[in-house]
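Just add 61 to wherever you are in the sequence shown, counting from 1, and you've got our numbering.
Below is one structure, written out as structure tokens; the observations come after it.
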Amino acid sequence: MWIIIRVLAGIALLAIVEIYFIKKSGKATRTLFPKLYKKEFPIASRVFLIWLNLYPVVLILLYTYAAISGDFISLPESKVLDYLLIYPFWILFVLMMQAGVLFLLIDILKLVLFPIYKKKKEKLLKPEAAIVIFIIAFFAIYVPVRIIYDYNTVSVRIVNYTKKSLPQDFNNFKIVLIADLQADEFTDDARLDNYLNKVNNLNPDLILIAGDFITSSPKYINVSAKHVGKLKAKYGVYACIGDHDNWAYRSNYKRSVTEIENALMKNNVPMLDNTRKTITVDSSKINITFVTNTYVETIKQSVLDTLTSNSSGDLKIFLAHQPRQTLINSAVKNNYDLYLCGHTHGGQVSLVFPFRYLTPTMFETKYIRGNFNFGNMLMIVTRGLGMSIAPIRYNSTPEITLIVLNKK
Numbered sequence: 062m063w064i065i066i067r068v069l070a071g072i073a074l075l076a077i078v079e080i081y082f083i084k085k086s087g088k089a090t091r092t093l094f095p096k097l098y099k100k101e102f103p104i105a106s107r108v109f110l111i112w113l114n115l116y117p118v119v120l121i122l123l124y125t126y127a128a129i130s131g132d133f134i135s136l137p138e139s140k141v142l143d144y145l146l147i148y149p150f151w152i153l154f155v156l157m158m159q160a161g162v163l164f165l166l167i168d169i170l171k172l173v174l175f176p177i178y179k180k181k182k183e184k185l186l187k188p189e190a191a192i193v194i195f196i197i198a199f200f201a202i203y204v205p206v207r208i209i210y211d212y213n214t215v216s217v218r219i220v221n222y223t224k225k226s227l228p229q230d231f232n233n234f235k236i237v238l239i240a241d242l243q244a245d246e247f248t249d250d251a252r253l254d255n256y257l258n259k260v261n262n263l264n265p266d267l268i269l270i271a272g273d274f275i276t277s278s279p280k281y282i283n284v285s286a287k288h289v290g291k292l293k294a295k296y297g298v299y300a301c302i303g304d305h306d307n308w309a310y311r312s313n314y315k316r317s318v319t320e321i322e323n324a325l326m327k328n329n330v331p332m333l334d335n336t337r338k339t340i341t342v343d344s345s346k347i348n349i350t351f352v353t354n355t356y357v358e359t360i361k362q363s364v365l366d367t368l369t370s371n372s373s374g375d376l377k378i379f380l381a382h383q384p385r386q387t388l389i390n391s392a393v394k395n396n397y398d399l400y401l402c403g404h405t406h407g408g409q410v411s412l413v414f415p416f417r418y419l420t421p422t423m424f425e426t427k428y429i430r431g432n433f434n435f436g437n438m439l440m441i442v443t444r445g446l447g448m449s450i451a452p453i454r455y456n457s458t459p460e461i462t463l464i465v466l467n468k469k
């Protein structure tokens with residue numbers, strides 16, 4: 062049933078975005094270029110819509126088959142399909158969404174200023190049409206360029222964490238936080254190598270990974286584990302469980318997690334499930350609490366209380382995949398110093414809008430990227446590397462977070 066609802070919601074959203082975009086672009090073209098509107102625009106709009114909708118039609122057929130048969134068949138991995146079908150769809154869809162939110166802003170302003178706009182409507186037709194055409198032209202260049210940039214670039218964000226009672230043993234201690242590697246056909250060996258080599262180049266003392274080693278297929282379990290096994294840190298590399306780590310086998314969550322845990326352990330990277338780990342640095346201790354809270358498995362409050370209530374150490378770290386309010390509250394209540402997580406991809410597709418970015422991630426959490434202070438606790442949400450649903454990033458450059466400890 063959920064597949065049918067998901068398909069219908071996707072069709073509705075795509076139809077609304079397409080109709081709105083074509084209507085606004087058509088009106089602007091008709092105002093500024095009436096001859097072009099009569100001859101070339103109808104042909105161009107048909108080609109645009111046919112190319113745009115090829116991929117959704119294929120997906121609808123696959124989801125319909127899955128709903129009827131119970132067996133899900135995915136598209137074969139192919140660079141030809143990627144560049145002729147998948148990437149064009151997502152680039153054009155993001156272009157329409159990006160232009161659409163700005164068109165909507167114009168329409169809202171017209172509505173708010175309606176008494177003035179009504180009097181000067183005829184004079185404003187051409188300036189408004191020019192703005193619409195400019196938005197389309199600008200983002201027709203910016204969107205693909207930004208997507209390519211975000212695919213190939215990795216930024217290192219340095220967070221200086223200071224604490225008055227921090228032991229001298231931890232002064233200039235370097236912790237690297239990464240998340241959401243999500244190995245798949247789009248995040249391949251080259252992309253993983255580039256990302257993880259940058260981690261090693263930072264010479265971290267400790268590496269923490271906030272889950273999501275694959276996107277969905279068991280094919281990439283060993284690929285991800287092999288690359289993660291190349292990470293080097295004086296005091297080790299540790300991870301918690303992420304959402305996608307349950308989905309190597311969609312019908313068998315336990316098998317998925319178990320196979321990923323085993324593959325990582327073979328490469329000397331423990332993926333810990335609702336437990337604590339103490340790291341000893343000379344005479345001082347870091348206490349790390351690994352919390353499993355995913356779409357598949359929500360941690361029970363009693364388990365969470367047991368994990369967090371008796372933790373001790375000179376530095377207390379709460380590592381989870383998601384930035385959930387219940388987890389944050391528990392960490393604050395039990396005097397954790399750092400809450401580290403990923404999951405959001407930094408708002409993987411973030412539309413340019415005045416004074417802020419708009420992203421679908423806003424519907425799930427307000428903690429999308431960066432640092433958040435809760436009393437004496439600092440929460441860090443890293444943007445990670447990988448992608449889900451859409452095989453692109455837009456205005457969300459992959460990130461490695463380097464946390465440098467300093468005594469205040």
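Every residue, glycine too, gets a C-beta built ideally from N, C-alpha and C.
Report yes if the CB atom of residue i is closer than 8 Å to the CB atom of residue j, and no otherwise.
i           : j           : result
residue 382 : residue 334 : no
residue 251 : residue 275 : no
residue 273 : residue 242 : yes
residue 328 : residue 318 : no
residue 443 : residue 425 : no
residue 222 : residue 467 : yes
residue 452 : residue 147 : yes
residue 108 : residue 157 : no
residue 323 : residue 292 : no
residue 286 : residue 253 : no
residue 401 : residue 412 : no
residue 463 : residue 219 : yes
residue 428 : residue 208 : no
residue 162 : residue 414 : yes
residue 267 : residue 376 : no
residue 537 : residue 160 : Any question about residue 537 goes unanswered here, given that the chain covers just 62 to 469.
residue 314 : residue 342 : no
residue 264 : residue 225 : no
residue 448 : residue 247 : yes
residue 281 : residue 331 : no
residue 407 : residue 373 : no
residue 203 : residue 446 : no
residue 278 : residue 245 : yes
Consult DSSP for residue i and reduce its assignment to one of helix, strand or coil.
i           : result
residue 448 : coil
residue 349 : strand
residue 264 : coil
residue 92  : helix
residue 135 : coil
residue 430 : coil
residue 405 : coil
residue 424 : helix
residue 478 : The structure shown does not extend to residue 478, since the chain is modelled only from 62 to 469, so the question has no answer here.
residue 466 : strand
residue 145 : helix
residue 43  : The structure shown does not extend to residue 43, since the chain is modelled only from 62 through 469, so no value can be given for it.
residue 82  : helix
Could you give the residue range of the alpha helix (DSSP H) that holds residue i?
i           : result
residue 192 : 182-213
residue 106 : 101-130
residue 235 : Residue 235 -> not in any alpha helix (DSSP H); beta strand (DSSP E) instead, spanning 235-239.
residue 458 : Neither: residue 458 is in no alpha helix (DSSP H) and is coded neither H nor E.
residue 389 : 386-394
Which residue marks the beginning of the beta strand (DSSP E) containing residue i, and which one marks its end?
i           : result
residue 157 : Unbroken run through residue 157 is the alpha helix (DSSP H), 148-173; no beta strand (DSSP E).
residue 399 : 399-402
residue 381 : 376-381
residue 373 : Unbroken run through residue 373: none, as it is neither H nor E.
residue 221 : 216-224
residue 413 : 412-414
residue 418 : 417-419
residue 439 : 438-442
Does the CB of residue i have a neighbour CB from chain B at under 8 Å?
i           : result
residue 106 : The chain inventory of the structure shown lacks chain B, comprising one protein chain alone.
Exercise for the section: Would you list, in sequence order, the uninterrupted beta strand (DSSP E) runs of no fewer than 3 residues that lie entirely inside the stretch 304-362? Expected result: 336-342 and 345-352
Handout entry: beta strand (DSSP E) segments (min. 3 residues) lying fully within the stretch 263-301
Key = Those beta strand (DSSP E) runs which fall completely within the stretch 263-301 and span 3+ residues are 267-270 and 298-300.
Exercise for the section: Tell me, please, whether the stretch 434-441 touches the stretch 189-199 by the rule of three or more beta-carbon pairs shorter than 8 Å. Expected result: no
Exercise for the section: Would you be able to state if there are at least three C-beta pairs under 8 Å between the stretch 380-394 and the stretch 345-358? Expected result: yes
Exercise for the section: Examine the Cβ distances between the stretch 164-174 and the stretch 132-145 and report whether three or more of them are shorter than 8 Å. Expected result: Fewer than three Cβ pairs drawn from the stretch 164-174 and the stretch 132-145 lie within less than 8 Å of each other, which leaves the two stretches out of contact.
Practice task
Spell out a yes or no on whether the stretch 394-405 and the stretch 355-374 are touching, meaning 3 or more CB-CB pairs, one atom from each, closer than 8 Å.
Solution key: yes
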